[in-house]
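Structure first, then comments.
There are 4 protein chains.
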Amino acid sequence: MRHAVVKHPFEWDRNLFTLLKARRRQQRATVEKKWRCAGNAEDLEQLDTFHRAIRPYLCLAQVFGMMPLTNVLSRSPHLVKFQLRSCGTCFSLIFLLLGGLKTMRLATKLFQGGLNAKSMISVVLFTSGIVICVNFISLARGWSRLIVPWTGIDIIMLFPPYETMKYSLRRKLLITGCSMGCLTLLEHWLYYASSYSNFRIQIVHCQPNITQIPFKGYMMKEFADIFEMVPYNSIFIFYAFFLNGTFTFICNFMDTFIILISVGLSQRFQQMANRVLNAVKRYVPDAEWHEIRMHHILLCELMDLVEVNMSNIVLISCLSNIYFICNKLLTIFTKLHYPINYAYFWYSLLYLLGRTCAVFMCASKIHEASLLPLRALSTVPSNCWTEEVQRFNHQLGSQYIGLSGLGLFHLTRRSFFGMITTLVYYEFMLLQLDAKSNKDDLANSCV
Amino acid sequence: MRHAVVKHPFEWDRNLFTLLKARRRQQRATVEKKWRCAGNAEDLEQLDTFHRAIRPYLCLAQVFGMMPLTNVLSRSPHLVKFQLRSCGTCFSLIFLLLGGLKTMRLATKLFQGGLNAKSMISVVLFTSGIVICVNFISLARGWSRLIVPWTGIDIIMLFPPYETMKYSLRRKLLITGCSMGCLTLLEHWLYYASSYSNFRIQIVHCQPNITQIPFKGYMMKEFADIFEMVPYNSIFIFYAFFLNGTFTFICNFMDTFIILISVGLSQRFQQMANRVLNAVKRYVPDAEWHEIRMHHILLCELMDLVEVNMSNIVLISCLSNIYFICNKLLTIFTKLHYPINYAYFWYSLLYLLGRTCAVFMCASKIHEASLLPLRALSTVPSNCWTEEVQRFNHQLGSQYIGLSGLGLFHLTRRSFFGMITTLVYYEFMLLQLDAKSNKDDLANSCV
Amino acid sequence: MRHAVVKHPFEWDRNLFTLLKARRRQQRATVEKKWRCAGNAEDLEQLDTFHRAIRPYLCLAQVFGMMPLTNVLSRSPHLVKFQLRSCGTCFSLIFLLLGGLKTMRLATKLFQGGLNAKSMISVVLFTSGIVICVNFISLARGWSRLIVPWTGIDIIMLFPPYETMKYSLRRKLLITGCSMGCLTLLEHWLYYASSYSNFRIQIVHCQPNITQIPFKGYMMKEFADIFEMVPYNSIFIFYAFFLNGTFTFICNFMDTFIILISVGLSQRFQQMANRVLNAVKRYVPDAEWHEIRMHHILLCELMDLVEVNMSNIVLISCLSNIYFICNKLLTIFTKLHYPINYAYFWYSLLYLLGRTCAVFMCASKIHEASLLPLRALSTVPSNCWTEEVQRFNHQLGSQYIGLSGLGLFHLTRRSFFGMITTLVYYEFMLLQLDAKSNKDDLANSCV
Amino acid sequence: MRHAVVKHPFEWDRNLFTLLKARRRQQRATVEKKWRCAGNAEDLEQLDTFHRAIRPYLCLAQVFGMMPLTNVLSRSPHLVKFQLRSCGTCFSLIFLLLGGLKTMRLATKLFQGGLNAKSMISVVLFTSGIVICVNFISLARGWSRLIVPWTGIDIIMLFPPYETMKYSLRRKLLITGCSMGCLTLLEHWLYYASSYSNFRIQIVHCQPNITQIPFKGYMMKEFADIFEMVPYNSIFIFYAFFLNGTFTFICNFMDTFIILISVGLSQRFQQMANRVLNAVKRYVPDAEWHEIRMHHILLCELMDLVEVNMSNIVLISCLSNIYFICNKLLTIFTKLHYPINYAYFWYSLLYLLGRTCAVFMCASKIHEASLLPLRALSTVPSNCWTEEVQRFNHQLGSQYIGLSGLGLFHLTRRSFFGMITTLVYYEFMLLQLDAKSNKDDLANSCV
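Protein chains in written order, with this note's numbering: chain A, 529 to 975; chain B, 529 to 975; chain C, 529 to 975; chain D, 529 to 975.
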């Protein structure tokens, strides 16, 4: 029951001066600290800003040539900038060049040798890798325009009256990123294991007198496109593994990045909701409601900024995920030879589905957190129901807040359900066609 | 016409004191009774609470190891709690163990003998049974956090000014539950009848000299997975029947439970709508509108609580229903041998469709009932149109109230229509493929 | 420009007394006339009420046993009632009996002779005919509860300040009904022409020495199910034609009835919108806005009443239309023999599509007309923007107004587009399967 | 931060008189200029009106008989009218006649020679061309009712306080139109190149002793329907090319026209949003908010006018685009002979997709621009939050603003995504059927 939350006015008046004094003193201290933070990178480092939490990932992305930023490890977000003449940009260009070469080589082979599933998927993988890379470079160009206001909001929301969350942003992002990384590495290792196992079986079958399986042979087959051009030595083996690994990493990094951004944003909306929840329980002057509303507008503007910079990446992420899932679903009825093949196939399918699901769930959390204050506001007592509160109430419900794929679809639970429904329906159709096809084959073979 | 609903103010003033006195006396009596109820389980038993109405079903669920609660028959909802070291939990664990064993055995057979429709459906049935069971145990853990606030709202809404409904909640739930139970039993009996009939025919065809159909043989075939491991005796026959019956019961119980919860919630929203309907016809002070609005918020919070605890069960229910319906639809063109087979097939298909329809219809009633006060509020006369009423009006339309499947879809008539449309479309496609397949078969057989 | 619509207050005040006097006199006259109308059927007859306009259709429906009402031609809507012991009910029962007999006979033949398209569609036609009939009888039972409030609203809205529409309701309904009737008759005639043509060709091919095509033979074939039971004479020929005609009529009548109801409702919403449009151009006292709002609530309540009574009929109408369209689409690639066959096939397909389209378009007009005052209200000048207007504005946008199919879908242009999209997609799939099938046939025939 | 946007009232008061004087003088000047513009076509020509920008396209459309308007080059929009007895109407009629003749001839050939993809698509192209033409003539009839109010709004929005956009409307429309035109010409040229290349190959294969490819032969084959009726001479060659070119042009013009209209409308909504954005930063009297709101209503009414006149054209555009895309997708697996064929096929498919995408994107810009002021309004300071602003805020979110296809669907990014999803899904199904078909063919060929 919320009937008696507003204290008796007289009781409240008694301690008015003392209370107001204390509050003013506190506010002044907070404002001072905020100003110090904004100017001083040392103090900023103490705070659980998004900049501090995302930094390791930016660093990692730079190694793979995805986000060519200077001073990426700097404590001040102002210094993290895109510079055309920098080591990172150089790295990115070399990377795009090598990727482009490999893609062209694969494409040439595809057109020469005719379309088949395996070469097709490689071309798509490498092409989408380059597209993603270019989009991330474009994101890097606008990164400082994004992270500076974000840090501004972080500085506001990391001091009272905003409560700190149970787990720090840094910890959340670390756990999310590491678990995603481990799962990716396992998937990549399983791919090689499955592929090597296939190669070994083939050798044993074809040349039964060979006792030792040559590693070089496997390399020659797996990276045929490379070793047809360059001599076989350890540098190029490393190069081949590196290039393959990097492009697998890019796709995974893209999804991880969307998840990290979503976690960062939803944490802030969650904090906003908590503050509103606390506010409705006590008497809140109009000025504070105004402040809350202004902070909410700031958050919405940050959301818009993220949306403008990220919506193309979100679209590419969803499209590539759906393509790879469909591709896996197409071969779901193919008989495989060995348990390791099954393990790889099912693990990678489930991992893909899980990753897509995680992207949608984390992104939809933003929208859900943004709607949380709505219920709380309805319990604001009548004498506090001022125009400010009314405007805040109206503002909360008026526009959609959340990530979208270039405005074509919103990342919500409902759109995820729609996507999954379509995929399942498609799979059922395939199943049916396959069953009929098998029956036809039987009929034909009987003839 | 609603023009003259507000009496002339003078006429109203005349009996003011008398009226107010009587009302105050009445209110005091009600509040006292409410307090007595909240403290005293005897008085609570007199009321038509949801706790009293759902009790028999909780009891039944406990027998099948689904809701391990202590004091399930207690009159006070405070005493119904989940305890780790209790008879119920023990029961649940044994149950999960036996179910798990059977599932693993069926899964092993499935992998050994190759995929076929009959064994596949058994594995899905038993797996989903275990998943449902685990979810219900998790619901049981949060049951006391759910039923205590619910009873609190029940105590509020079972006294004037809320009207009692025509039929008591207990009676509604009893009729709903019993009819669902009977239909389930009939379906289960038809399954055995159809299966036994098939067995008899097979025996008659293969061994024409046998005059008496051996019951043991049927048992051996029907419960092959059990009697391959244990000797054939009456205890294990009972065990086999019990396990099969229980897992069939679980699926049905899940749907019935969602329906019961929906009936309970929609009754309260209906009462709320009735009170608003009565309120708009007479002069209502602002304080009463405030009370109505606060009660509505309480109801919405209860709805949220139910949603948090039940949405996973709703999702599983819908998915399993759709799977079983699709499975039936796949074999709709298969020629069956005897009328009993047809009777079982069509009865079970219609029963499945009817059950799914009932779940959606009952759940959508909550949403529909929650919107009922909206129209009534528009007839509130202008002099009574205070800020409280305005806020109530706004509050009613601002958020979706109703059950959902983990937020992926809402249980409304429209989503039900969408689901049915997809199923019908799928069936039409199957029909078309089947017709073509038959034509091809004819063509092939002519060759 | 709408800047100068409010006259200068002084200018307005000058003629105040004269104006108010005249208006009061006029209002009193209108109210008197309204009261006279409500009591006197003679005066009511002069008005363009919906009752007067729908009367001929009710009469027609009674002849075919669909709406067993007494005093259907009466001028007073109070007298049009459902009576269990009346000629109409008797008619309906006989009708249902005959229809039921024919349906059972057709169903028996279907099960005996195996499923084929032609007998299947007859069974569906007759079954749906009976279902429609039962639903219309249930509508007839509630007809007086529907038409009396409707006439009440008609009486209000047929006097100033409501403007009369350009075309009277009676004329609109007459034109709509007659054109629908003619198209139906043409379709029915084409059916017999096509069927008789087929019969003649068959005779000519099989028995080339016969010079005269026997009419009796055609009757025997067309109405095989009847003339196997009863002797061939003119009474039973009439009976056969009558029964066939009636059931074709029922489906068409259902759609026509929905269209007529929609036209009637949308006319009233249109009048409401016109009044609001006129109101925003001049100074309107708050009391008048209150009156407008109350009339709007009355209209919405009438809409709810229609929705409760008609939504099952709307659902059946849509389902049967979709079934018959799909059925036609399935045979779209079948080679037909003669131009008359093509004429019948394409005419009946286009007629079906057109009828379905008309139902959706007319029904969606209600919703569109109900939203019309929204734009007008935004031009209400600030000094007239009272709470009443605000509430009216809010009320207009808060709930969906329009017909629905049991709440499963709304009859809007968008849902019509969704339906058509699904049908076209389905047809494309069929086309593709058919093309492939033809190719396979060619391949097989080459073998 | 927006905390300090409202100046201190005293500071503001000091310059009040001077400021108000200057503003009044400026306003008077603007109003005078506006009045002069409305009356004087010379002054109007100086302004960047939509009429001036669309004029060249109307002129072009008139040449191809699509928009029979008189005085199409006139500077005053009042003079651009549809006249029954004019050169343009005559032109249109001749054009429709010739088109109708060709269509009937193609249709006759289609029915005689049996349905095949190539002749089918020609018939659809010419039929849709005629339908589009008729719809454009109907648009021309209502053009003056559309362009006069549009110019009225243009005159309002081309003076301060509205800011001019970076690029003038004329320039935008010129660039859009020219680029669309060039792409269309390239597509048309590629069509002839591909078709001629096919013809040459065929000649070379069939008659290897011919050294020179006869142009006449190609003409005879390409325009068989024309040269079967008329003798082969340069006039009829021109006529054949002209007719073909025109009907290709019509489809493209329709899409271009929708894009141009959308650009024009979204520019105005963008200006409105800019004005609101500027208004929230300073103190704005209520009268100015009223003016803004009235201008917004004017814009919405213009939008409605455009919607009424254009929605049928939008529907036809979308339907024909989808048909041609589907048609291309159907033949995506067909093996083509020469690079030029591939170039034409892929260029025309991508061009079609791009054009459809452009139509949806440009049209959705209107809706997006209309929602822009919503966020800005939430930052209006509390002391300026008057009823006018509140009504404006409510007005912005209450109704959908944008183009639709006869109300059946809205041109938004989401509906575009839905359309593309369906197409991709359909293509995947085709792919699957094709793969299976190939397998069957292999199986059959092995037999």
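Note that beta-carbon positions come from the ideal geometry of N, C-alpha and C, so glycine has one too.
Residue i: which of the options sits nearest, CA to CA?
i                         : options                                : result
isoleucine 731 of chain C : C:Arg698, C:Gly745, C:Leu674           : C:Gly745
valine 651 of chain B     : B:Asn772, B:Pro759, B:Ile789, B:Ile675 : B:Asn772
lysine 893 of chain B     : B:Leu931, B:Gln554, B:Gly670, B:Ile703 : B:Leu931
tyrosine 724 of chain D   : D:Leu702, D:Met748, D:Thr712           : D:Met748
arginine 883 of chain C   : C:Gly628, C:Ile649, C:Pro688, C:Gly705 : C:Gly705
cysteine 828 of chain C   : B:Ala904, B:Gly946, B:Arg583           : B:Ala904
threonine 914 of chain C  : C:Arg633, C:Tyr760, C:Val812, C:Thr679 : C:Val812
tryptophan 671 of chain A : A:Ile582, A:Tyr866, A:Ala871, A:Ile658 : A:Ile582
What residues from chain A crowd round residue i, counting only those whose CB sits closer than 7 Å?
i                        : result
threonine 907 of chain D : Ile825
histidine 818 of chain B : Ser910
Strictly under 9 Å for the Cβ-Cβ distance: is residue i near chain B by that measure?
i                         : result
histidine 895 of chain C  : no
methionine 648 of chain A : no
valine 651 of chain C     : no
methionine 685 of chain C : no
Between residue i and chain A, is any beta-carbon pair separated by less than 9 Å?
i                            : result
tyrosine 872 of chain D      : no
serine 898 of chain D        : no
serine 790 of chain D        : no
aspartate 682 of chain B     : no
phenylalanine 944 of chain D : yes
Could you list which residues in chain C have their beta carbon closer than 8 Å to that of residue i, in chain order?
i                         : result
tryptophan 913 of chain B : Glu915, Arg919
glutamine 640 of chain D  : What glutamine 640 of chain D touches in chain C: nothing, since even the nearest Cβ is about 15 Å away.
Is there a Cβ from chain D that is less than 9 Å from the Cβ of residue i?
i                       : result
glycine 935 of chain A  : yes
cysteine 710 of chain A : no
serine 794 of chain C   : no
Would you verify that the beta carbon of residue i is, or is not, closer than 9 Å to some beta carbon of chain C?
i                       : result
cysteine 828 of chain D : yes
leucine 959 of chain D  : no
Taking residue i as the query, report the chain D residues whose CB atoms sit under 7 Å from its CB, ordered along the chain.
i                      : result
glycine 925 of chain C : Ser926
Applying a beta-carbon distance threshold of less than 8 Å, which residues of chain B neighbour residue i?
i                      : result
leucine 902 of chain A : Ser926, Gln927
Counting only Cβ pairs nearer than 8 Å, list the residues of chain D close to residue i.
i                       : result
tyrosine 978 of chain C : Because residue 978 of chain C is not part of the residues shown, which for chain C are 529 to 975, the question remains open.
The region 941–949 of chain B contacting the region 930–946 of chain C, beta-carbon criterion three pairs below 8 Å: As far as the Cβ criterion goes, the region 941–949 of chain B touches the region 930–946 of chain C, which means the pair count is three or higher.
Segments assigned alpha helix (DSSP H), at least 4 residues, entirely inside the region 569–621 of chain D: Entirely contained in the region 569–621 of chain D, the alpha helix (DSSP H) runs reaching 4 residues are, in chain order, 569–574, 578–591.
Cβ contact (3+ pairs, closer than 8 Å) linking the region 795–802 of chain C and the region 813–827 of chain C: As far as the Cβ criterion goes, the region 795–802 of chain C touches the region 813–827 of chain C, which means the pair count is three or higher.
Three-pair Cβ contact test at 8 Å for the region 688–701 of chain D versus the region 839–849 of chain D: Contact between the region 688–701 of chain D and the region 839–849 of chain D is absent, because fewer than three Cβ pairs lie under 8 Å.
Touch test, the region 669–689 of chain D against the region 624–644 of chain D, Cβ-Cβ under 8 Å, three pairs minimum: Counting Cβ pairs under 8 Å, fewer than three are found: no touch.
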